[in-house]
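This report concerns only the one structure given below.
In our numbering, the protein residues as written are 2 to 178.
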């Protein structure tokens with residue numbers, strides 16, 4: 002049984018940073034991020050021609066959910082959208098995340114991921130968190146390893162909406178402690 006998600010999650014290492022429910026005002030920044038090839042090709046569901054209306058509908062559908070799939074906004078502390086983290090998929094939820102390019106390389110995702118992991122295990126009766134990462138995304142693989150995830154395999158799998166054909170995916174798992 003899932004508990005209601007908190008309205009906001011703060012992280013002590015980055016006091017202004019917090020995770021919050023997505024809102025309609027995030028749609029332009031969310032849309033711009035997931036349709037940027039450097040980000041979108043690492044995600045599974047957002048084609049390059051995804052529209053702002055698609056982003057608005059996606060946020061409206063997921064914003065108030067207390068179970069997978071859902072996405073939270075990574076907020077700079079002033080309402081600015083820096084990225085997203087959440088659980089995607091319903092049958093077998095996986096963690097998915099991204100940051101907008103200006104927010105990358107500052108430890109923001111490391112802090113967001115740690116806060117998210119704590120919240121996910123506190124609110125969901127899940128034995129583990131899982132993730133899939135494309136072979137050409139070493140930054141996300143290092144981030145997951147740094148958070149305690151273990152690589153459980155490599156397979157050729159379903160391609161993102163911005164790639165052609167199947168590609169190698171690294172699978173990760175973090176068991177509930």
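Just so it is clear, CB atoms sit at the ideal spot from N, CA and C, and this is done for glycine as well.
Would you decide whether residue 36 is buried or exposed? Buried here means 16 or more other CB atoms lie within 10 Å of its CB.
buried
Could you tell me the distance, in whole angstroms, from the CA atom of residue 52 to the CA atom of residue 103?
22 Å
Report back the beta-carbon spacing between residue 72 and residue 129 to the nearest angstrom; my notes put them in contact at under 8 Å.
Wrong, their Cβ atoms sit about 20 Å apart, outside the cutoff.
Apart from the five residues just before and just after residue 23, which ones in its own chain have a Cβ nearer than 6 Å to its Cβ?
In chain order, 60, 64, 72 and 74 place their CB closer than 6 Å to the CB of residue 23, counting only its own chain and leaving out the 5 sequence neighbours on each side.
Grab the span of the alpha helix (DSSP H) containing residue 111 for me, first residue to last.
109–124 is the span of the alpha helix (DSSP H), which, as asked, contains residue 111.
Counting only runs that start and end within the region 61–98, where is the beta strand (DSSP E) found for 3 or more residues in a row?
71–76 and 82–89
Decide if residue 94 is buried, meaning its Cβ has at least 16 other Cβ atoms within 10 Å, or exposed.
buried
Note down, in chain order, each residue of its chain lying with its Cβ closer than 6 Å to the Cβ of residue 141, except the 5 sequence neighbours on either side.
134
For residue 110, tell me which candidate among 132, 157, 86 and 119 has the shortest Cα-Cα distance.
Among 132, 157, 86 and 119, the Cα nearest to that of residue 110 is on 86.
Mind pulling the alpha helix (DSSP H) runs of 4 or more residues that sit fully within the region 128–158?
Correct list: 139–147.
7 Å Cβ shell around residue 166 - same chain, five flanking residues per side excluded:
If you ignore the 5 residues before and after residue 166, its C-beta comes within less than 7 Å of the C-beta of 160, all in its own chain and listed in chain order.
Outcome for residue 39 when other beta-carbon atoms lying within 10 angstroms are tallied against a minimum of 16:
exposed
Less than 9 Å separating the beta-carbons of residue 121 and residue 88?
yes
For residue 30, which residues from the same chain have a beta carbon less than 6 Å from its beta carbon, with the 5 sequence-adjacent residues on both sides left out?
The answer, listed in chain order, is 82.
Same chain, Cβ closer than 7 Å to residue 28, neighbours up to 5 away in sequence not counted
Answer for residue 28: 53, 56, 57 and 60, listed in chain order.
If I measure Cβ to Cβ from residue 49 and keep anything under 8 Å in the same chain, skipping five residues before and after, which residues do I get?
36, 38, 41, 162 and 163
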